[in-house]
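Residue numbers (the numbering used here): 8 to 135. Working notes for the structure below.
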Amino acid sequence: TNEAGNNIVGTDVISFTTFDASVVHLWDSPEISTVTPNTADATKTDITFMLKDNPEYDNASFTGAVMAVVLRGNQMVGFDIIADTFTVGTSITKTFGFAAGIGDTLQLIQMDTQNGLTPLASAENTVE
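Right under this line is the structure:
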């Protein structure tokens with residue numbers, strides 16, 4: 008590290024590793040089809056989505072988690088995460104524990120839970 012006069016003021020060691028594709032692979036973005044209030048509980052939201060794998064892998068199911076975040080303006084107003092085994096390439100409806108309103112931004116993030124919470128794919132949708 009150098010100071011403004013270019014004199015050395017300290018040293019440090021920085022190390023990093025490259026992404027290990029044999030452990031985790033990136034998936035195609037999920038497809039969000041509907042975001043609606045839960046009919047039994049207005050404080051919850053039903054989200055219908057589809058997980059889609061990269062054609063290179065073509066998995067029939069995914070075991071991990073799907074996280075949903077709701078933004079109103081620039082502020083997070085809702086968050087929930089569901090861990091499950093999800094069927095890939097078919098419509099999935101899950102109930103998340105927050106209320107999403109018209110005009111809110113919904114972010115859906117597919118997470119690997121085997122190697123820590125590692126994001127694999129995401130999608131964003133404006134609630135209508």
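We treat Cβ as the ideally placed atom computed from N, Cα and C, and that holds for glycine. Being a predicted model, the structure only gives us computed values, none of them experimental.
L33 carries a coil assignment under DSSP once its states are collapsed to helix, strand and coil. Per DSSP, reduced to three states, the secondary structure at K51 is coil, with no helix or strand assignment.
Here the alpha carbons of T18 and D48 stand approximately 57 Å from one another.
A Cβ-Cβ distance of about 7 Å is found for the pair I54 and L115, placing them in contact under the 8 Å criterion.
Separation of P44 and P37 (C-alpha to C-alpha, rounded to the nearest whole angstrom) is 20 Å.
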